[in-house]
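Student:
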Amino acid sequence: MMLRALYLIILVLGVSTPVQADCTAANETEPCIASEQWQFSLAMGAGYRSNPLHGGHNIPLWLMPDLSYYGEHWFFDNATLGYSWELRPDLQLSLVSRLNEEQGYFRRRSPVNLFESQFISDMGVAGPVQKVATKQELSISQADKRPLALDGGLQLNWFLPGLHLKLNWWHDISQQYDGQHLRLAASTGWHSRIGEWQFGAALAWKDQHLMHTYYGLNAQEGDGLEYRAKASWQPEISLQWQYPLTERWQLLSLWRYRWLNADVAIPAEPGRMQSPLLQESAVKSWFVGFSYRFL
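To get the working numbering, take the position in the sequence shown, counting from 1, and add 2.
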């Protein structure tokens, strides 16, 4: 009960990608946002995030907003709220909260699809589709409505020379799937004659409660068979390129590939298989266009 009360207290806390606020010449190689200022950019171009579900539509990425505010402790960054402490100049601890992104695959107009927060990197194409055979294929129209959940937890940022490490622990504070997940991410950037580059890699772990809520099936949904989802490890890699044209305009290209590993099992039968809701075992995102900074 005390832990649940703590989650309720931090419903309005969190930060998605805290960065060092000291925007001095010595820190030009590190991601940096001036404190006490709103930052707003809008990327315009062509792209999409693939939907791995049967009957699901790809999510278009024509417009990608990037909105953030960093105070001394309070943060807002692309639909994530937070409160952060500086443990050391290179180490930050934050209380965090945000909407869980899993529902976005089931509802194209879900609010979690407004911001591609995991896609927009600290700098502020897709491979071939992999088909996996399943015993049964079910469209998302045959599945009951998946819930919109609010996550809360902790985030640790470690800024090393040329490397940013970020560890997140999230828990469902809205009691929609009543589970938790972890994510460890690393990113590094470099300058070249043709622009600025950033490469990222991450590994997420999602527990059985989360995976079963969204990718498992009850007997009614599964036409008499119940599919229970297992915990999942989900690695991903990403690459971003930016080329400044003016003080406010820049060219922008983004790419990300995430492996889903959403396995399920039929309780009455041995063995494992991919969730019948899935037609692909990966989510691919890409975007090419321009970005304009308003603030």
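Positions of the beta carbon are idealized from the N, C-alpha and C atoms, including for glycine.
State the DSSP-derived secondary structure class of P246, mapped to helix, strand or coil.
Tutor: Position 244 of the sequence shown, counted from the first residue, corresponds to residue 246. DSSP places P246 in strand when its eight states are reduced to three.
Student: When you compare only the Cα positions, how much space is there between G202 and N53?
Tutor: Within the sequence shown, numbered from 1, the residue matching residue 202 stands at position 200. Within the sequence shown, numbered from 1, the residue matching residue 53 stands at position 51. So the alpha carbons of these two residues sit roughly 21 Å apart.
Student: Does the separation of the CB atoms of R185 and N170 fall below 8 Å?
Tutor: Walking along the sequence shown from the start, residue 185 turns up at place 183. Walking along the sequence shown from the start, residue 170 turns up at place 168. Cβ atoms of R185 and N170: closer than 8 Å.
Student: List the endpoints of the continuous alpha helix (DSSP H) containing H183.
Tutor: Here residue 183 is taken as the residue at index 181 of the sequence shown, counted from 1. First-last for H183: 182-194, but that is the beta strand (DSSP E), not the alpha helix (DSSP H).
Student: Within 10 angstroms of its Cβ, does D225 collect 16 or more other Cβ (buried), or is it exposed?
Tutor: For the purposes of this step, residue 225 is taken as residue 223 along the sequence shown, with counting starting at 1. Counting Cβ neighbours within 10 Å, D225 comes out exposed, since fewer than 16 surround it.
Student: Suppose the cutoff is 6 Å on Cβ atoms and the five residues either side in sequence are ignored; what does the same chain contact list for N60 look like?
Tutor: Within the sequence shown, the letter at position 58 stands for residue 60. Y50, S52, N53.
Student: Using only the alpha-carbon positions, how far apart do L219 and Y107 sit?
Tutor: For the purposes of this step, residue 219 is taken as the residue at position 217 of the sequence shown. For the purposes of this step, residue 107 is taken as the residue at position 105 of the sequence shown. Rounded to the nearest angstrom, the two C-alpha atoms are 16 Å apart.
Student: In three-state DSSP terms, what is Q177?
Tutor: Sequence index remark: in the sequence shown, residue 177 carries index 175 (1-based). The answer is coil: DSSP assigns Q177 none of H, G, I, E or B.
Student: In the DSSP assignment, find the alpha helix (DSSP H) that holds Y217 and state where it starts and stops.
Tutor: Here residue 217 refers to the residue found at position 215 of the sequence shown. Per DSSP, Y217 belongs to the alpha helix (DSSP H) from 210-217.
Student: Can you grab the Cα-Cα spacing for the pair F292 / W257, in whole Å?
Tutor: The sequence position of residue 292 within the sequence shown is 290, counting from 1. The sequence position of residue 257 within the sequence shown is 255, counting from 1. One C-alpha to the other measures close to 15 Å.
Student: Please go through the same chain and pick out, in chain order, the residues whose beta-carbon is closer than 6 Å to the beta-carbon of P237, but skip the five residues on each side of it.
Tutor: Here residue 237 refers to the residue found at position 235 when the sequence shown is read from its first residue. Correct list, in chain order: L205, W261.
Student: Rounding to the nearest angstrom, what Cα-Cα distance links A284 and P278 in this structure?
Tutor: Locating residue 284 in the sequence shown gives position 282, counting from the first residue. Locating residue 278 in the sequence shown gives position 276, counting from the first residue. Spanning the two alpha carbons is a distance of roughly 14 Å.
Student: Since L69 is in the beta strand (DSSP E), which residue starts that stretch and which ends it?
Tutor: As a first step, residue 69 must be located in the sequence shown, where it is residue number 67. From DSSP, the beta strand (DSSP E) with L69 extends over 65-72.
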